[in-house]
Amino acid sequence: MITSIFSKSKPVNLIIGCALIIIAFVYHIFFQKDLENLSMAVHGLILFIGLFYMFITDFIVSKNNLTKRHSFAIMMLGLLFLAIPEAFSDVNLLVANLLVLFAMRRLLSLHSKKGLIKKFFDAALWIGLATLFYSWAILYVVVLIVALAYYWQSEVKYIMVSVFGILTVAILLILYNVLCKDQFLLLSNFSMAISFDFSVYNSLSNILKLTIVASVYFWSLVYYLKGISEKNKKMKPSHVLIVIASIVAVIIAVIAPLKNGNEFVFILVPFAIIVANYLETIEEKWFKEVFVALLLLVPILNLIL
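The sequence shown begins at 1280 in the numbering used here and counts up by one.
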């Protein structure tokens, strides 16, 4: 039923996707209550960013032909917010991921071979800015490096502008510290702490949630990787970048110093795109519905357990 609704690209699907995000946000406020001490302005900002994710995901997917003409990516993003409403917990991570998405938007459009210098600079700049909000966002430089490997065309200038993009952020940060803090750099500017303490996930609800979400992700990823070889030469690098971005997101979730669910915010969009590509390959309608129903089961388990 739900896959039939999103099987075609329609404006109403974007509205439904936004409604799913609003439901997830309201659920998080009333049932998990870690946002209750924040002002209404911050609540509004968090919800706005969540909704903006929906629009930028739709733009990235449609503009770069990352899927066929359907709205499965929008559907998956909405369902993921329902499954992991803790993604709303930290506004800094939400902003960092939004800036990463801006960088990905530029990198995924490199296939047009137009304005490469500006796109590499912009991507590096956005990643640098994202690092100011969450230090481990610097790992997305790996995605930038892979993009350079595909598109640099033996032109050193593309590497140089990428370095300049990150240096621009560093210079602006130093200027801010000198003018406002009377220091060049502060320890508070970067927190590269790592934690492998997963005890927070030891509850039954978290174990079931992570098992379902991880199973859907890795199952879809296997088919996505197999499908990349069948993509045309022009679009293949874009799909490789999606895979690399998703792996970086998983690494961030694993090493995150604070594990309360918001560390999964970086995986949401790559996850949605990967699963959307898998769904379009499933011919059996009943299996497609069951596959999506697995994610629908997660918020129900959150309420029951």
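Each residue gets a CB set at the ideal place from its N, CA and C atoms; glycine is no exception. Bear in mind the structure is a predicted one, so any value in this text is a computation, not a measurement.
Taking all protein chains shown into account, W1405 has 16 or more neighbouring C-beta atoms within 10 Å of its C-beta and is therefore buried.
In the three-state scheme derived from DSSP, where H, G and I count as helix and E and B as strand, H1349 is classed as coil. Contact between the segment 1318-1333 and the segment 1442-1457 is absent, with fewer than three C-beta pairs closer than 8 angstroms. In the assembly as shown, W1415 is a buried residue. Its beta-carbon has 16 or more other beta-carbons within 10 Å. DSSP, reduced to helix, strand and coil, places K1289 outside both helices and strands of the structure shown, so it counts as coil. For P1516, the enclosing alpha helix (DSSP H) covers residues 1515-1534. Per DSSP, the continuous alpha helix (DSSP H) segment holding A1403 begins and ends at 1395-1412. Your pair I1363 and F1497 does not check out as a contact, with CB atoms roughly 16 angstroms apart and the cut at 8 angstroms.
Within its own chain, the residues whose Cβ lies closer than 7 angstroms to the Cβ of V1321, once the five positions on either side in sequence are excluded, are V1370, listed in chain order.
If you look at A1493, you'll find it in the alpha helix (DSSP H) that goes 1483-1507. Between the alpha carbons of V1448 and E1563 lies a distance of about 49 angstroms.
With a threshold of 16 other beta carbon atoms within 10 Å, G1407 meets it and is buried. By the beta-carbon neighbour count (other beta carbons within 10 angstroms, threshold 16), I1300 is buried. Annotation: the continuous alpha helix (DSSP H) that includes V1321 extends over 1319-1342. Pairing I1523 with V1425 gives a Cβ-Cβ distance under 8 angstroms. A Cβ-Cβ contact shorter than 8 angstroms links Y1429 with P1516.
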